[in-house]
Structure formats: C-alpha cells, structure tokens
Amino acid sequence: RHCTDIICCVIFIVVILGYIALGVVAWVHGDPRKVIYPTDSYGQFCGQRDTLNENKTILFYFNILKCASPVVLINLQCPTTQLCVSKCPDRFATYIDVQASYRYRPDQWNYFRQFCKPGFNNPRKSIAQVLRDEDCPSMIIPSRPFLKRCFPDFSTKNGVLTVANQTTFKDGRGKTRNVTDLREAANGINNVLDARSVGMKIFEDYAISWYWILIGLFIAMMLSLLFLVLLRFTAGVLFWIFIFGVIGIIGYGIWHCYWEYDHLKGIPGSDLTVYDIGFQTDFKVYLQLRQTWLAFMIILCGVEVIIILMLIFLRNRIRIAIALLKEGSRAIGYIMSTLFYPIVTFLLIAICISYWAVTAVFLATSGEPVYKVMANQTLCKYANLTCDPETFNTTNVTKLCPGAQCTFAFYGGESLYHKYIFIFQIANAFVFLWLVNFAIALGQCTLAGAFASYYWAYRKPADIPLWPLFSSFGRAIRYHTGSLAFGALILAIVQLIRVILEYLDHKLKGTQNSFTRFLLCCLKCCFWCLEKFLKFINRNAYIMIAIYGKNFCTSAKEAFFLLMRNVVRVAVLDKVTDFLLFLGKILVAGGVGVLAFFFFTQRIPVFAQEVPMLNYYWVPLLTVIIGSYLVAHGFFSVYAMCVDTLFLCFCEDLERNDGSTAKPYFMSASLHRILGKKKLSPKKA
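First residue of the sequence shown? That's 1055 in my numbering, and the numbers climb one at a time after it.
Dropping the structure here:
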C-alpha cells in the first residue's frame, strides 16, 4: 500500500482549512438575529434588550398594500415605513376619521398614535403632510402577529374572505377598498397559521409517543437483521417464487384476453378496427373491439416468451447472482460490525449539514445596515441613493425633496468581504457537496475493504483478518483520502451544476421562450444521467481501491472494463439484488407499519391501556413506517455494497485464476459447483 492521489489529498485538506476559515469569518461578521428578529425602518431590532424597542417585539407596516407577498415581507424590505410596536391593531381606523373626532374622542387618537412614529402627537397636522412625512399610517386594520410581524386577520365567512367580519374597508385616502386587495399582500398566511396550530399538536404527539416510536424502530432493526440472515437460505426461493408468479399472472392475462376476444365474436360492431372508430375520449369504447383484446394478447404473449427465453439462456447467471446473494449474507454474518457502520456515515453527513446550514445563515446575515433615501416625489434625483441617518437632516436632500427620509433598506456593505458574499455562499454549497460525497465514499471504500478481506480469505472464516472493518477504515483514511476526495470532487461538480440548472429553471419558469425551456430540460436530463453514471463508476472504483490500493483513475478504468466484460452478469445481479432488497424494505416497513397501526388505533387488547392519547394517530404511525424504511435501507445498503464487492472479487477471481493448483479459486464451494467444478483445488503452501 502507498498513498494515492496525493495532490488531490493536499487540495482537499487545504479546502477544508479554508472552509473552516470561511465559517470563522462568517461567524464573526454574521448576526442570526437579523433572521430571527424583524428590523424597523431605522435598522433597529424589534424586541432588542436595552433599547427603546425592548418591549416592542412586533413589526408593523404603515401600508401593507405596498407589499407584494409574505416572502417579500419576511425576507426583503417592503417599500413602506416599518415600525416596532408592542401589539398589532385590533380595529379598523383611518387617520382622517381619528383627526376629525380627536377633540371629543381623545381615546381613539391615543390608540391610533401608538402606530405612528415615536414622539408624534400632532393630530392637527394635515393628512397630506402626514402622508408626505410618513408620520402615521393612513389606516390601520385588524391584524395578528405572525413571525413577529403584523398581518391582516383574515377569516372566511360563508366562503367569503373577510377581515374582522368585514369585506370592505377605508384606505384613509378617500377610497373604499375590498378585503381581497389584501389577499396578495398576505397570500397564504392563514394556511401557515393553521399549519402552526397543527404543528403544535404534532409536537405534543411526538412528546408523548416517542418511546413507542423507538420501540417500533428497534423492531424494524431486528426484522432487517433477520431478513439478511434468512437471505442465506431463502434468496433463491423468494426470487423463483416471484418469477413464476409473474409468469402465472401474465399467463392468466393471456387467457383472459383470449376469453374476451372469443366472447365478443358475433357481437355487432366488435369487428371494427381502431382506425375505423378513430380517437375516443372514452377508452371503454376500445374494450368493445376484438382487435383491442387481440393486440393485448399478442403483447402479453411476447412478454411471456421473452421472460421464458431469458430464464432459459440466463439461468446460469441467475444462479450465480443468487449464490452471490447468499454469500453476501454469509459474509455479513462473519463481519456483523459492518451493519452498524452506516451510523458513522450518518453522523459525518449530519455534521456537514449542520456546519453548512450555520455558515449559510451567518453569511446571509453578515451585512451592515444600508440606508437609502426614500422620497415620495418620483423626480427626486436623490431617490434610492445611500445615506447616513445621523447626518441626513443636515444635507440639502430634505430641501430639494420635501418629505424625503433616510430609511433602512437592507443588510449589505461596500467592503471586499461583503461584495463577495454571494460567491462565498456558492463556495459553501460546493464544499458541502464535496464533504458529503467524501463521507459516502469513505463508507463505501471501508465496507468494500472489509468484505474483500472476507472473499480473498482462502479458508473462511479462519483466514479473515482480525477487526476487518477497522483495518479497512484505517487503510482508507491513511492511504486513499486523496482518491476518495477525487471521486467526490467530480461528483460534487456535477451536482453543483444540477443545482444551478434547477435554480435557472425556477427563475425562468414563467418565460414564454420555448427553446430556453427545452434546452434547460435537456441539460437537466443529461446531467441527471451523468450523475447516476458517475455514482455507479465511483462505487466500483472505490471497491477496486479497497482491493488493490491503486489511484482513482486507474481503479475506475479497471472497474469499468471489468464490468463491461461481464455486462450480462452485472445486469442480472443488479436486478436480482434490487428486487430482493426492495422486497425486504417493503416487508419490514409494511410489517412494522401494520403492527403500529393496530397499536396506535387500540386494536391490540393486551396493549389497549398503554396507548397514549394522541391528537393525530397517523403522526407516530407515519414516523414509524418511514423510519422503518430508512432503517431497513441503512442495513440493506451494507448488504448491497457487500454483494457488489463480492461480485467484483468474483470476476477478478475468474480472470486471474483458473482453479489449478498454482492458481486456485478463492470463491465459495457453491459458486464452484455452479461453474461446473467438482471440488476446490488445493492451494499450495
């Protein structure tokens, strides 16, 4: 063994160090409070301690009609004055009405002015000047806080959208508006609010049923282990039962088509052709034609013949595939620690996801407050220019543009770091993809090394080395970090391109350019296929690296040509393995799901008193079903890697050895018998 792909290893280590440095810089400059807490027009956080807004935790919009959607409200800045308030308004009111009645109804003014700028208390000021200077909102509407922002309190009455049981309201500018005008500004808020209520109930269900969920997942783990053990004895039986079942079902289909074809004989109109009746939206019409059933019968007969011929000509390769499946079960039985290695991969990926998410949040919030001139006059030449709120009143802007204000616009900056935040976000995503693929590659190479040590042990299990899984993990880290990083890098580049294509497709979804959509669709399809192909090549390259210790390119080339020389065996083995493992996942998830259904619906008398009282019994039920499927997938992914490793070792064994005394086979006795060998050739000492 020697170190492989050293240059890529050095680059990988440097990138990791740079990634850590990027995270540190982002953590120094970032402030997640910008995401958690809303910001008013002065760049101050609502609810921030030791400030004037300490008790004002909710953001209020002067004119919510200027906001296009909740996405704009939450993520961007709505083009209207924003103010921190202690509570949202609970009534309809306009500045004009309050101004007209403040002398004999001062309580209305006292209530209304809490939604004006701090310190403003001049109800005599004309509405035109108030709106120009944006001292107060022209109107307030009943609202409720959501994500610490005031949104209209929508409700539906007899299928009609209302706010506080009203369908119209005054906008404070002399017009009567319909409540539906607020729909776009708060689109989907009610659904999200309802989802929040449902979310609380779901959380309660998890809180009182988590231990039963864990018991269900433990049962799934035991069933997965049992299935893998039984595959050593039942792989062939399960496969042939399925195959003969398919043949029987198709045979019944042929008989049924012939029966329908014969039954329609002599019925008027049944001898017409499909061409005669043309295209019909009611497809039942075609079932009244003899020609339809004849076509179905011919197609099914063709499929039946193809399956039977494939079984006849591929019977030996199917037997080899089944023998390899049984051998995989036996190998896992000798190296049981491999079944729990997916936990290591899961932890590594969880660390990568956590680091990426935290770094992305800090990068997104590492800007400084940027203030811009907001003027009501469209001809103001200073509009949308940056400004300093501390010196703004001393400039000529307020004289040239009456009513102009220096308000908070967004978080950004003019420094080199702030200019390249978007590039840093892309780099963060790319290194994240690289690290995740490396963690997966490390797991595949480690498992391949452990199972290869089993195959190349001449006397099994006596010649299997001690602690094969840990030895394989050590070899992969010590010698092949560069090769694994190289393979992960290629895959990460393709995945990043796919992410960019998905982003472009989302942005151009509304475009009318058919050629652009067609080109994007073709590119997405091509890169999807390329990613699948690279995953297949990388997986087998890692197996060859674990066996021979060569670099990535050499291992990928040798694995590819070895598979091409055994392409039929590869196809058969993949389909047989996929079917049996899919069957196992369905059996485990379905069996545990049925058991959980009877338990949580109190249909098991013995445990009826132990069932917790739930808001939604489907919450723990779906969790158990999905969790059981994932548990089974984790165990069976080890089994699939075992079978793939043993298959490559088997192909290498056939090409490098001939079963003679000088070059004996390392394969098991069952594979020897399938290949027509009477007995194992004795190996020279």
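In this text, a Cβ means the ideal position worked out from N, Cα and C, and glycines have one as well.
Note that the structure is a prediction, hence the values are computed from the model and not measured.
Any idea if Y1671 is buried or exposed, counting beta-carbon neighbours within 10 angstroms, 16 or more meaning buried? Taking the sequence shown and counting its residues from 1, the one referred to as residue 1671 is at position 617. Buried, since its Cβ has 16 or more Cβ neighbours within 10 Å.
Tell me where the alpha helix (DSSP H) around E1108 begins and ends. Mapped onto the sequence shown, residue 1108 falls at position 54. Here E1108 belongs to no alpha helix (DSSP H), and DSSP marks it neither H nor E.
Nearest-angstrom Cα distance between L1734 and M1276? If you number the sequence shown from 1, residue 1734 lands on position 680. If you number the sequence shown from 1, residue 1276 lands on position 222. At L1734 the pLDDT is 47, less than 50, meaning the model places this residue with poor confidence; the figure from the coordinates comes in the next sentence. Roughly 36 Å between the two C-alpha positions.
Using a 10 Å radius around the Cβ and a threshold of 16 neighbouring Cβ atoms, would you call W1309 buried or exposed? Counting from one through the sequence shown, the residue named residue 1309 turns up at place 255. Counting Cβ neighbours within 10 Å, W1309 comes out exposed, since fewer than 16 surround it.
Just to confirm my understanding: we take S1263, look at its own chain, exclude 5 residues before and 5 after, and list those with CB closer than 6 Å. What are they? Taking the sequence shown and counting its residues from 1, one reaches residue 1263 at position 209. Once the five neighbours on either side are set aside, the close Cβ partners of S1263 are P1666, P1674.
Using CA coordinates, which residue listed in R1159, A1274, I1112 is at the minimum distance from K1141? Position 87 of the sequence shown, counting from 1, holds the residue named residue 1141. Nearest C-alpha to K1141: I1112.
With which residues is A1662 paired in a DSSP beta bridge? Mapped onto the sequence shown, residue 1662 falls at position 608. For A1662, which the question treats as bridged, DSSP gives no partner whatsoever.
Bridge partners - N1232, DSSP secondary structure assignment: Locating residue 1232 in the sequence shown gives position 178, where the first residue counts as 1. N1232 pairs with T1222.
Quick one: what does DSSP say F1146 is sitting in, helix, strand or coil? Position 92 of the sequence shown holds residue 1146. Note: F1146 maps to coil in three-state DSSP.
Does any CB atom of chain D fall closer than 8 Å to the CB of I1544? No chain D is present in this structure, which holds just one protein chain.
CB N1605 to CB D1059, shorter than 8 Å? The residue given as residue 1605 occupies position 551 in the sequence shown. The residue given as residue 1059 occupies position 5 in the sequence shown. Cβ distance < 8 Å, so N1605 and D1059 count as in contact.
Per-residue burial, V1064 [other beta carbons within 10 Å of its own, 16 or more giving buried]: Within the sequence shown, the letter at position 10 stands for residue 1064. V1064 should be labelled exposed.
For R1727, count the other beta carbons within 10 Å of its own beta carbon; 16 or more makes it buried, fewer makes it exposed. Which is it? Taking the sequence shown and counting its residues from 1, the one referred to as residue 1727 is at position 673. Under this definition R1727 is an exposed residue.
Tell me, please, whether the segment 1397–1411 touches the segment 1485–1505 by the rule of three or more beta-carbon pairs shorter than 8 Å. yes
Tell me, please, whether the segment 1225–1236 touches the segment 1103–1119 by the rule of three or more beta-carbon pairs shorter than 8 Å. Using a Cβ-Cβ distance cut-off of 8 Å, the segment 1225–1236 and the segment 1103–1119 are in contact, since at least three pairs of beta carbons, one from each stretch, lie closer than that value.
Would you call L1725 buried or exposed, if buried means 16 or more other Cβ atoms sit within 10 Å of its Cβ? The residue labelled residue 1725 in the question sits at position 671 within the sequence shown. The residue in question, L1725, is buried, as its Cβ has 16 or more Cβ neighbours within 10 Å.
Could you compute how far the alpha carbon of V1068 sits from the alpha carbon of I1074? Within the sequence shown, numbered from 1, the residue matching residue 1068 stands at position 14. Within the sequence shown, numbered from 1, the residue matching residue 1074 stands at position 20. For V1068 and I1074, the distance between alpha carbons rounds to 10 Å.
Can the beta-carbon of C1204 be found closer than 8 Å to that of S1197? To locate residue 1204, count along the sequence shown from 1; it is residue 150. To locate residue 1197, count along the sequence shown from 1; it is residue 143. The Cβ-Cβ distance between C1204 and S1197 falls below 8 Å.
Within the same chain, show all residues whose beta-carbon is closer than 7 Å to that of R1055, passing over the 5 residues directly before and after it, in chain order. Your numbering for residue 1055 matches position 1 in the sequence shown. The beta carbon of R1055 sits closer than 7 Å to those of R1529, Y1533, G1603, all from its chain and outside the five residues before and after it, given in chain order.
Do you know offhand how far Y1749's Cα is from F1350's? Nothing can be reported for residue 1749, as the shown portion of the chain is limited to 1055 through 1739.
Taking the alpha helix (DSSP H) that V1692 falls in, what are its first and last residues? Working through the sequence shown from its first residue, we reach residue 1692 at position 638. Segment 1672–1710, the alpha helix (DSSP H) holding V1692.
Just checking, does the segment 1700–1710 make contact with the segment 1614–1621 on the three C-beta pairs under 8 Å criterion? yes
Please confirm whether Y1509 and F1720 have their CB atoms less than 8 Å apart. As a working note, residue 1509 is residue 455 in the sequence shown. As a working note, residue 1720 is residue 666 in the sequence shown. Closer than 8 Å, so yes.
Run through DSSP, which three-state label would C1441 get? The residue given as residue 1441 occupies position 387 in the sequence shown. The answer is coil: DSSP assigns C1441 none of H, G, I, E or B.
Which residues in the same chain as L1282 place their Cβ atom closer than 7 Å to its Cβ, once the five residues preceding and following it in sequence are excluded? Translated into positions along the sequence shown, residue 1282 becomes position 228. Answer for L1282: S1383, I1386, F1689, Y1693, listed in chain order.
Between which two residues does the beta strand (DSSP E) holding F1200 run? In the sequence shown, the residue the question calls residue 1200 occupies position 146. Residues 1197–1200.
Where T1209 falls: helix, strand or coil (DSSP): In the sequence shown, the residue the question calls residue 1209 occupies position 155. First, the amino acid is wrong: residue 1209 is Ser here, not Thr. Note: S1209 maps to strand in three-state DSSP.
Quick one: grab the DSSP three-state call for R1227. The residue labelled residue 1227 in the question sits at position 173 within the sequence shown. Of the three classes helix, strand and coil, the one that applies to R1227 here is coil, per DSSP.
Beta-carbon separation of L1523 and C1499 under 8 Å? For this step, residue 1523 is matched to residue 469 along the sequence shown. For this step, residue 1499 is matched to residue 445 along the sequence shown. Contact: no.
Checking 8 Å against the spacing of the C-beta atoms, do F1293 and V1630 come in under that value? In the sequence shown, residue 1293 corresponds to position 239, counting from 1. In the sequence shown, residue 1630 corresponds to position 576, counting from 1. A contact, by the Cβ cut-off of 8 Å.
Hey, out of L1402, I1601, V1548, whose CA is closest to K1586's CA? On the sequence shown, residue 1586 is found 532 positions in, with the first residue counted as 1. Selected option, being the one with the closest Cα: V1548.
When the Cα of F1572 is compared with those of D1559, I1352, C1583, which residue comes out closest? The count along the sequence shown starts at 1 and reaches residue 1572 at position 518. Nearest in C-alpha terms to F1572, of all of D1559, I1352, C1583, is D1559.
Assigned secondary structure, I1321 (DSSP; H/G/I helix, E/B strand, else coil): Start at 1 with the first residue of the sequence shown, and residue 1321 comes out as number 267. I1321 falls in the coil class under three-state DSSP.
Note down the Cα distance separating Q1153 from P1177, rounded to an integer number of angstroms. Counting from 1 along the sequence shown, the entry for residue 1153 is found at position 99. Counting from 1 along the sequence shown, the entry for residue 1177 is found at position 123. About 6 Å.
Helix, strand or coil: how does DSSP classify P1423 here? Position 369 of the sequence shown, counting from 1, holds the residue named residue 1423. DSSP places P1423 in strand when its eight states are reduced to three.
Tell me which residues share the same chain as D1325 and place their Cβ nearer than 7 Å to its Cβ, disregarding the 5 neighbours each side in the sequence. Position 271 of the sequence shown, counted from the start, is the residue given in the question as residue 1325. Cβ within range, chain order: R1344.
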